[in-house]
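Data block below; observations after.
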Ligand SMILES: NC(=O)c1ccc[n+]([C@@H]2O[C@H](COP(=O)([O-])OP(=O)(O)OC[C@H]3O[C@@H](n4cnc5c(N)ncnc54)[C@H](OP(=O)(O)O)[C@@H]3O)[C@@H](O)[C@H]2O)c1
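Numbering (our numbering), first residue to last: 1 to 488.
The following block contains the structure:
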């Protein structure tokens with residue numbers, strides 16, 4: 001659903017083709033595009049080939065793989081609200097089942113505006129296109145893109161609508177961040193090594209910083225971003241997911257429900273913001289005109305599709321706590337912004353200083369705390385900062401880094417996040433997808449902030465220039481605690 005859209009072209013179809021290259025698609029695998037534009041099967045195939053040529057990590061299509069992949073591509077011109085189109089879809093799926101031996105198993109991928117999710121779900125149910133089973137001989141599954149709702153109430157409504165037609169184990173709420181290798185590596189790093197877990201708690205950890213910095217603005221997505229903002233777009237989903245993976249307890253098993261049970265516990269332990277904390281521990285910002293990568297760039301309010309007096313935030317920084325046995329008292333600082341100086345996503349765990357300041361007579365700046373930084377993108381890897389003696393007479397100390405880089409340790413390209421996730425949906429593994437209670441717990445954290453902001457129009461927007469590290473108030477949020485944001 002939505003096969004003519006941006007997501008399908010840039011991510012989904014190239015990811016499926018890449019799975020074909022890696023021999024991970026089953027025999028007879030077929031795709032039916034279901035969208036409004038008028039296409040013959042053949043020009044739909046050509047259109048997608050152009051997309052794969054442009055966006056696949058393997059570069060231009062391999063003729064043999066493409067031809068076999070393209071034999072399974074079909075298009076149905078449709079309107080999501082028209083019951084007749086679902087009847088045509090049922091007929092086409094039936095024909096494909098017989099001609100290509102696909103045996104009736106079906107995944108509905110909703111690469112559509114979020115406003116039509118309930119409608120499509122209802123129509124699929126009415127048309128008899130949903131089997132009651134997520135596994136076994138004959139199954140149907142549904143994948144729903146983010147954003148999943150725009151606040152707690154709308155997410156609950158969406159869940160209710162989906163669950164009227166599908167069982168929870170048939171629903172895959174996608175957050176593509178969870179498909180990234182380095183995000184999954186957080187679990188491996190924490191739970192497959194004996195070294196770090198004993199110190200991964202309030203006795204040894206001073207604070208955690210999670211940064212998702214973007215140098216890009218809003219591209220052509222002004223219409224969407226105006227209604228979303230940085231808090232909904234990035235913090236509600238991706239950043240809270242990074243927080244849960246960093247803070248969760250070891251799951252009893254590596255299955256979908258055991259992992260998600262632990263993640264939900266973290267979200268439930270996040271301390272709700274008090275009236276005072278709203279103004280003291282949360283900062284929002286919006287970029288004005290500035291300079292990035294040698295180019296002048298416009299302010300947010302001058303971007304296409306944006307209200308010239310917009311109060312939508314393009315930057316958020318906040319401090320929160322996970323109030324449980326492991327993390328009580330350890331601040332988690334989260335920041336995300338558009339048009340910051342560089343693109344960088346990392347989780348940095350800062351450890352407490354050595355208990356005895358044996359070297360306190362030395363330059364205080366050299367005695368920086370140990371930091372373990374997990375870099376999600378770009379230059380995926382990890383870095384451990386500690387201090388070492390500078391060679392020479394006497395004692396001089398300097399911070400040094402021990403680095404692990406994915407790219408140089410494994411001479412192999414990582415699959416794209418969507419490849420991993422689409423493959424998991426086909427296998428019926430929902431570990432990397434968000435469960436109903438998880439998404440609602442995320443919104444329970446975010447919605448009170450949105451409500452507080454609604455009553456407090458920002459007076460000073462824009463409050464940071466494009467190409468800088470965000471508003472002054474964000475630096476103050478840290479300096480009040482005697483800390484500073486990491487220079488990523
Ligand atoms: N693009 C991204 O990078 C990205 C990243 C993360 C999440 N997402 C999410 O993915 C979803 C899709 O995003 P997108 O950027 O691909 O959107 P898009 O480019 O606007 O595509 C929307 C698709 O839905 C179809 N459509 C809309 N209304 C329809 C109707 N009434 N009947 C039939 N078809 C209809 C459109 O068909 P026609 O073109 O034929 O009208 C088009 O194929 C959104 O929920 C978005 O938030 C997107």
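Glycine included, each C-beta is placed from N, C-alpha and C at the ideal position.
Item to complete: May I have the straight-line CA-CA distance separating residue 128 from residue 90, to the nearest angstrom?
Response: Counting from 1 along the chain shown, the entry for residue 128 is found at position 128. Counting from 1 along the chain shown, the entry for residue 90 is found at position 90. Residue 128 and residue 90: Cα-Cα distance of roughly 8 Å.
Worksheet entry | Rounded separation between residue 342 and residue 213 - CA only | Looking up residue 342 in the chain shown gives position 342. Looking up residue 213 in the chain shown gives position 213. Cα to Cα, residue 342 sits roughly 7 Å from residue 213.
Worksheet entry | Closest residue to residue 288 among 191, 57 and 338 (Cα-Cα distance) | Taking the first residue of the chain shown as position 1, residue 288 is located at position 288. Of the listed residues, the one whose Cα sits closest to residue 288 is 338.
Practice prompt. Return the chain-ordered ranges of every alpha helix (DSSP H) run that is complete within the segment 115 to 175 and spans a minimum of 4 residues.
Written response: Here the runs fully enclosed are 117 to 126 and 152 to 165.
Worksheet item: Under a CB-based cut-off of 8 Å, is residue 71 close to chain C?
Response: Structure shown: chain C not included; a single protein chain is present.
Item to complete: Give the single residue among 142, 1, 478 and 9 whose Cα lies nearest to the Cα of residue 429.
Response: As a first step, residue 429 is located in the chain shown; it is residue number 429 there, counting from the start. The alpha carbon of residue 429 has as its nearest neighbour, out of 142, 1, 478 and 9, the alpha carbon of 142.
Fill in: Beta-carbon proximity list for residue 146, same chain, < 7 Å, skipping 5 on both sides
To locate residue 146, count along the chain shown from 1; it is residue 146. Answer for residue 146: 174, 175 and 237, listed in chain order.
Fill in: Contacting residues, own chain, Cβ-Cβ under 7 Å from residue 228 (five flanking each side not counted)
Position 228 of the chain shown holds residue 228. Cβ neighbours of residue 228 beyond the five flanking positions: 147.
Fill in: Check: residue 233 C-beta below 7 Å from any heavy atom of ligand 1
Residue mapping note: residue 233 aligns to position 233 of the chain shown, counting from 1. No, ligand 1 has no heavy atom inside 7 Å of this Cβ.
Discussion item. Please state whether the Cβ-Cβ distance between residue 432 and residue 421 is less than 8 Å.
Written reply: Numbered from 1 along the chain shown, position 432 holds the residue referred to as residue 432. Numbered from 1 along the chain shown, position 421 holds the residue referred to as residue 421. Going by C-beta atoms, residue 432 is nearer than 8 Å to residue 421.
Worksheet item: Identify the residues that DSSP records as bridge partners of residue 397: which are they?
Response: For the purposes of this step, residue 397 is taken as residue 397 along the chain shown, with counting starting at 1. Answer by DSSP bridge pairing, in chain order: 389.
Item to complete: Rounded to whole angstroms, what's the CA-CA distance from residue 132 to residue 169? Just pull it up for me.
Response: Along the chain shown, read from residue 1 onward, the residue named residue 132 stands at position 132. Along the chain shown, read from residue 1 onward, the residue named residue 169 stands at position 169. Rounded to the nearest angstrom, the two C-alpha atoms are 10 Å apart.
Worksheet entry | Residue span of the beta strand (DSSP E) that contains residue 348, given as start and end | The count along the chain shown starts at 1 and reaches residue 348 at position 348. Per DSSP, the continuous beta strand (DSSP E) segment holding residue 348 begins and ends at 344 to 351.
Worksheet item: Is the CB-CB distance between residue 45 and residue 73 below 8 Å?
Response: Here residue 45 corresponds to residue number 45 of the chain shown, with the count starting at 1. Here residue 73 corresponds to residue number 73 of the chain shown, with the count starting at 1. Their beta carbons are under 8 Å apart, which means residue 45 touches residue 73 by this criterion.
Fill in: For residue 383 and residue 402, believed in contact at Cβ under 8 Å, the rounded distance
For this step, residue 402 is matched to residue 402 along the chain shown. For this step, residue 383 is matched to residue 383 along the chain shown. Indeed, because the Cβ distance is near 7 Å, the residues count as touching under 8 Å.
Worksheet item: Between the Cα of residue 313 and the Cα atoms of 328, 232 and 333, which residue gives the shortest distance?
Response: Reading the chain shown from its first residue, position 313 is the one you call residue 313. In this structure, 232 is the residue among 328, 232 and 333 with its C-alpha nearest to the C-alpha of residue 313.
Fill in: Inter-residue CB distance, residue 271 and residue 315 (contact presumed, cutoff 8 Å)
Against the chain shown, residue 271 aligns to sequence position 271. Against the chain shown, residue 315 aligns to sequence position 315. Not really, about 22 Å apart at Cβ, beyond 8 Å.
Worksheet entry | Host alpha helix (DSSP H) of residue 450 (start-end) | Locating residue 450 in the chain shown gives position 450, where the first residue counts as 1. For residue 450, the enclosing alpha helix (DSSP H) stretches over residues 436 to 454.
Worksheet item: So what does DSSP say about residue 480, is it helix, strand or coil?
Response: The count along the chain shown starts at 1 and reaches residue 480 at position 480. Coil at residue 480, not helix or strand.
Worksheet item: Using CA coordinates, which residue listed in 379, 373, 106 and 306 is at the minimum distance from residue 386?
Response: Indexing the chain shown from 1 puts residue 386 at position 386. When each option's Cα is compared against that of residue 386, the closest is 373.
Item to complete: Assign residue 86 to one of three DSSP states: helix, strand, or coil.
Response: Residue 86 sits at position 86 when you count from the first residue of the chain shown. Residue state, collapsed to three classes: helix.
Worksheet item: residue 295 bridges to which residues according to DSSP?
Response: Sequence index remark: in the chain shown, residue 295 carries index 295 (1-based). DSSP lists 292 as the bridge partner or partners of residue 295.
Worksheet item: Nearest CA to the CA of residue 71: which residue from 103, 476, 52 and 41?
Response: The residue labelled residue 71 in the question sits at position 71 within the chain shown. The shortest Cα separation from residue 71 among 103, 476, 52 and 41 belongs to 41.
Fill in: Under the three-state DSSP convention, the category residue 377 falls into
On the chain shown, residue 377 is found 377 positions in, with the first residue counted as 1. Strand.
Worksheet entry | Within 8 Å, strictly: CB atoms of residue 122 and residue 79 | Taking the first residue of the chain shown as position 1, residue 122 is located at position 122. Taking the first residue of the chain shown as position 1, residue 79 is located at position 79. It is not a contact, given that the beta carbons lie outside the stated cut-off.
Worksheet item: For the alpha helix (DSSP H) that contains residue 224, what are its first and last residues?
Response: Counting from one through the chain shown, the residue named residue 224 turns up at place 224. In the DSSP assignment, residue 224 falls within the unbroken alpha helix (DSSP H) covering 222 to 230.
Item to complete: Name the residue from 311, 159, 251 and 457 whose alpha carbon lies nearest to the alpha carbon of residue 435.
Response: Numbered from its first residue, the chain shown carries residue 435 at position 435. Of the residues 311, 159, 251 and 457, the one whose Cα lies closest to the Cα of residue 435 is 159.
Worksheet item: My guess is that residue 283 and residue 473 are in contact by the Cβ rule of under 8 Å, so how many angstroms apart are they, rounded?
Response: Working through the chain shown from its first residue, we reach residue 283 at position 283. Working through the chain shown from its first residue, we reach residue 473 at position 473. 4 Å between Cβ atoms; contact.
Discussion item. Going by C-alpha to C-alpha distance, which of 110, 261, 104 and 301 sits closest to residue 250?
Written reply: Taking the first residue of the chain shown as position 1, residue 250 is located at position 250. Checking every option, the nearest Cα to that of residue 250 belongs to 261.
Worksheet item: Contact check, residue 419 vs residue 15 under 8 Å by CB: the rounded distance?
Response: Here residue 419 corresponds to residue number 419 of the chain shown, with the count starting at 1. Here residue 15 corresponds to residue number 15 of the chain shown, with the count starting at 1. Rounded, the Cβ-Cβ distance is 4 Å, consistent with contact.
Practice prompt. Hey, could you find the ends of the beta strand (DSSP E) residue 213 is sitting in?
Written response: Numbered from 1 along the chain shown, position 213 holds the residue referred to as residue 213. Start and end: 205 to 213.
Practice prompt. Closer than 7 Å by C-beta to residue 29: which residues in its own chain qualify, once you throw out the five before and the five after it? Chain order, please.
Written response: Sequence index remark: in the chain shown, residue 29 carries index 29 (1-based). Same-chain partners within the cutoff: 72.
Worksheet item: Starting from residue 336 and walking both ways along the beta strand (DSSP E), at which residues does that stretch end?
Response: Position 336 of the chain shown, counted from the first residue, corresponds to residue 336. Secondary structure note for residue 336: its beta strand (DSSP E) is the uninterrupted segment 331 to 337.
Discussion item. Can you give me the C-alpha to C-alpha distance between residue 406 and residue 310, rounded to a whole angstrom?
Written reply: In the chain shown, counting from the first residue as 1, residue 406 sits at position 406. In the chain shown, counting from the first residue as 1, residue 310 sits at position 310. Approximately 40 Å between the Cα atoms of the pair.
Item to complete: Say yes only if the C-beta of residue 4 is nearer than 7 Å to one or more non-hydrogen atoms of ligand 1, and no if none qualify.
Response: By 1-based counting over the chain shown, the position of residue 4 is 4. Yes; taking the cut-off as 7 Å, the Cβ of residue 4 has a heavy atom of ligand 1 nearer than that.
Discussion item. From the DSSP secondary-structure annotation, give me the bridge partner or partners of residue 382.
Written reply: In the chain shown, counting from the first residue as 1, residue 382 sits at position 382. Partner(s): 374 and 404.
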